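Contents: one structure, followed by commentary.
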Amino acid sequence: MQRMDRSLPHRRYNPLTDEWILVSPQRATRPWLGAVEKGTQARRPEYDPACYLCPGNTRANGAINPPYTGVYVFDNDFPALLEAPRAALSVEAPASPPSILRSQLETGICRVICFSPRHDLTLAELPVAQIRAVVDAWVTQCEELGARDDIAYIQLFENKGEIMGASNPHPHGQLWATRHIPTEIVKETRGQLRYLTGRRGRDGETAGQEDMKQLGASPSSLPLLLDYLEIERQAGERIIFENAHFVCLVPFWAIWPFETMIVPKRHTRRMVELTEPERDALADALKRMTTRYDNLFEVAFPYTMGVHQAPYDGEPHEEWQMHLHFYPPLLRSATVRKFMVGYEMLAQPQRDITPEQAAERLRGLSEARFV
Numbered sequence: 109m110q111r112m113d114r115s116l117p118h119r120r121y122n123p124l125t126d127e128w129i130l131v132s133p134q135r136a137t138r139p140w141l142g143a144v145e146k147g148t149q150a151r152r153p154e155y156d157p158a159c160y161l162c163p164g165n166t167r168a169n170g171a172i173n174p175p176y177t178g179v180y181v182f183d184n185d186f187p188a189l190l191e192a193p194r195a196a197l198s199v200e201a202p203a204s205p206p207s208i209l210r211s212q213l214e215t216g217i218c219r220v221i222c223f224s225p226r227h228d229l230t231l232a233e234l235p236v237a238q239i240r241a242v243v244d245a246w247v248t249q250c251e252e253l254g255a256r257d258d259i260a261y262i263q264l265f266e267n268k269g270e271i272m273g274a275s276n277p278h279p280h281g282q283l284w285a286t287r288h289i290p291t292e293i294v295k296e297t298r299g300q301l302r303y304l305t306g307r308r309g310r311d312g313e314t315a316g317q318e319d320m321k322q323l324g325a326s327p328s329s330l331p332l333l334l335d336y337l338e339i340e341r342q343a344g345e346r347i348i349f350e351n352a353h354f355v356c357l358v359p360f361w362a363i364w365p366f367e368t369m370i371v372p373k374r375h376t377r378r379m380v381e382l383t384e385p386e387r388d389a390l391a392d393a394l395k396r397m398t399t400r401y402d403n404l405f406e407v408a409f410p411y412t413m414g415v416h417q418a419p420y421d422g423e424p425h426e427e428w429q430m431h432l433h434f435y436p437p438l439l440r441s442a443t444v445r446k447f448m449v450g451y452e453m454l455a456q457p458q459r460d461i462t463p464e465q466a467a468e469r470l471r472g473l474s475e476a477r478f479v
């Protein structure tokens, strides 16, 4: 196969979502006179009496947090979803609309997951043992909610930093569990199923194993991401690190400048399937990746991070391989971010630095957080 000149504008295919991304390396050095972010934040106190997530404090709805000492999970006081009985009482069924105007009642559960009682510590600053407790909480929540008939999907995520919309700096994540399978998960389910069946994508390009052959894969009955991992581990250029059970890499099709994925080495469909050693390894991977992020620009690095896993809809979903996405916005420094506007909003995603360049920078960073 002829190797493409990656210094020229080109596009890359994402087999998970059946979408393309434009890569424009020549734009990486363009002048920037646009908006800048605040940069490094002041050090926060260990406890903030005004914080509605700190132990013992009163939340906005009047509830009082217990004096928790580890991970603390509670129902969101301002949920985006309501459970079935409440939702059914508060939403009227629409009159039969034209078929082009469709709506569905959506129900579900929203919870907040406080990672630590400490107001001042992010995942990168927590010891691995405490991150392991966060992983355990994720698994416990998935076990509980995944067993319910009214839940088809469970989205675990964290928004870190003001520019990612975090409404409170106390280290925490969220869980939204929904009756219907969300759009991005539908895309990834179809993409992984297409790979196993060799069907074609929406644009007519082969969206199954033919695409992976172009990357160097051999025909396989394994899930898409396991075959993809084998390609990446052989190439090495987009790998940041790996441990006994997980690989952290910059995806070939990454959209955000320093986007990464954490993927299990074993076929693992859902969080609830993780073994004890795999939970330890995931905590280790989260610690190492978030520390490298902070060291990139010596700042509490903002991102949206989330777990993508197979739906909890009663189907086996053997096509699925769970994984974690990190979507960080910073581009050149702690103050210059990537904006998804214009062409990105109206046509297709675009990035400047190549995934290989991003991986090289992240790979070269220390795993001891800057002081």
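Per the numbering used here: the sequence shown = residues 109 to 479. Idealized CB from N, CA, C, for every residue including glycine. None of these values were measured; they are calculated from a predicted model.
Alpha-carbon spacing of residue i relative to residue j, whole angstroms
{"i": "residue 475", "j": "residue 113", "result": "32 Å"}
{"i": "residue 357", "j": "residue 274", "result": "25 Å"}
{"i": "residue 251", "j": "residue 229", "result": "27 Å"}
{"i": "residue 353", "j": "residue 470", "result": "20 Å"}
{"i": "residue 132", "j": "residue 177", "result": "48 Å"}
{"i": "residue 351", "j": "residue 392", "result": "8 Å"}
{"i": "residue 317", "j": "residue 355", "result": "Residue placement at residue 317 is poorly supported in this model, since its pLDDT is 47, which falls under 50; the coordinates still yield a value, given next. Their backbone Cα atoms lie some 22 Å apart in a straight line."}
{"i": "residue 330", "j": "residue 304", "result": "8 Å"}
{"i": "residue 255", "j": "residue 395", "result": "30 Å"}
{"i": "residue 446", "j": "residue 118", "result": "19 Å"}
{"i": "residue 279", "j": "residue 237", "result": "16 Å"}
{"i": "residue 244", "j": "residue 387", "result": "7 Å"}
{"i": "residue 472", "j": "residue 399", "result": "12 Å"}
{"i": "residue 338", "j": "residue 429", "result": "14 Å"}
{"i": "residue 157", "j": "residue 231", "result": "21 Å"}
{"i": "residue 239", "j": "residue 189", "result": "27 Å"}
{"i": "residue 286", "j": "residue 405", "result": "36 Å"}
{"i": "residue 155", "j": "residue 296", "result": "40 Å"}
{"i": "residue 151", "j": "residue 207", "result": "54 Å"}
{"i": "residue 453", "j": "residue 248", "result": "37 Å"}
{"i": "residue 336", "j": "residue 418", "result": "18 Å"}
{"i": "residue 115", "j": "residue 344", "result": "19 Å"}
{"i": "residue 389", "j": "residue 401", "result": "18 Å"}
{"i": "residue 485", "j": "residue 134", "result": "Since the first residue shown for the chain is 109 and the last is 479, residue 485 is missing from the structure and cannot be characterised."}
{"i": "residue 373", "j": "residue 382", "result": "11 Å"}
{"i": "residue 385", "j": "residue 298", "result": "30 Å"}
{"i": "residue 140", "j": "residue 210", "result": "Only weak support is given to the placement of residue 140: the predicted model assigns it a pLDDT of 48, under 50, and the value that follows is read from those uncertain coordinates. Straight-line Cα distance between these residues: approximately 43 Å."}
Nearest residue (CA-CA) to residue i, options the options
{"i": "residue 407", "options": "269, 371, 329, 182", "result": "269"}
{"i": "residue 426", "options": "292, 376, 409", "result": "376"}
{"i": "residue 179", "options": "166, 172, 292, 220", "result": "220"}
{"i": "residue 437", "options": "365, 383, 225", "result": "365"}
{"i": "residue 162", "options": "152, 169, 340, 175", "result": "175"}
{"i": "residue 218", "options": "193, 209, 185", "result": "185"}
{"i": "residue 411", "options": "428, 459, 278, 272", "result": "272"}
{"i": "residue 306", "options": "126, 395, 459, 116", "result": "126"}
{"i": "residue 413", "options": "182, 405, 452, 282", "result": "282"}
{"i": "residue 422", "options": "291, 296, 253, 335", "result": "253"}
{"i": "residue 440", "options": "460, 429, 455, 448", "result": "460"}
{"i": "residue 187", "options": "453, 164, 284, 344", "result": "284"}
Cβ shell of residue i (< 8 Å), same chain only, five flanking positions each side left out
{"i": "residue 212", "result": "288"}
{"i": "residue 346", "result": "340, 357, 358, 359, 360, 463, 464, 467"}
{"i": "residue 153", "result": "227, 228"}
{"i": "residue 292", "result": "125, 416"}
{"i": "residue 172", "result": "164, 165, 166"}
Own chain partners of residue i with C-beta closer than 7 Å, once the 5 adjacent residues on each side are dropped
{"i": "residue 431", "result": "333, 369, 370, 371, 416"}
{"i": "residue 234", "result": "223, 224"}
{"i": "residue 169", "result": "185"}
{"i": "residue 182", "result": "219, 220"}
{"i": "residue 241", "result": "178, 179"}
{"i": "residue 290", "result": "261, 263"}
Cβ of residue i within 9 Å of any chain D Cβ
{"i": "residue 379", "result": "Considering every chain present, this structure includes no chain D. It has just one protein chain."}
Neighbourhood of residue i by C-beta distance below 6 Å, restricted to the same chain and skipping five residues each side
{"i": "residue 523", "result": "Because the chain in this structure spans residues 109 to 479, residue 523 falls outside the shown range and cannot be described."}
{"i": "residue 246", "result": "264, 379"}
{"i": "residue 258", "result": "192, 287"}
Contact belief for residue i with residue j at Cβ below 8 Å, rounded distance in angstroms
{"i": "residue 478", "j": "residue 403", "result": "5 Å"}
{"i": "residue 276", "j": "residue 159", "result": "7 Å"}
{"i": "residue 342", "j": "residue 124", "result": "That pair is no contact at about 20 Å."}
{"i": "residue 166", "j": "residue 192", "result": "At roughly 29 Å, the Cβ-Cβ gap does not stay under 8 Å, so residue 166 and residue 192 are not in contact."}
{"i": "residue 434", "j": "residue 367", "result": "6 Å"}
{"i": "residue 261", "j": "residue 420", "result": "6 Å"}
Residue ranges of each beta strand (DSSP E) within the region 322-359, 3 or longer: Within the region 322-359, the complete beta strand (DSSP E) runs of at least 3 residues are 347-350, 354-357.
For a minimum of 3 consecutive residues, which ranges assigned as the beta strand (DSSP E) are wholly contained in the region 390-422? List check, beta strand (DSSP E) in window: 411-416.
Hey, which unbroken runs of the beta strand (DSSP E) at 3 residues or more fall wholly within the region 203-248? Listed in chain order, the complete beta strand (DSSP E) runs (minimum 3 residues) inside the region 203-248 are 216-222.
Entirely enclosed beta strand (DSSP E) segments - the region 414-470, minimum 3 residues: With a minimum length of 3 residues, the continuous beta strand (DSSP E) runs that stay inside the region 414-470 are 431-435.
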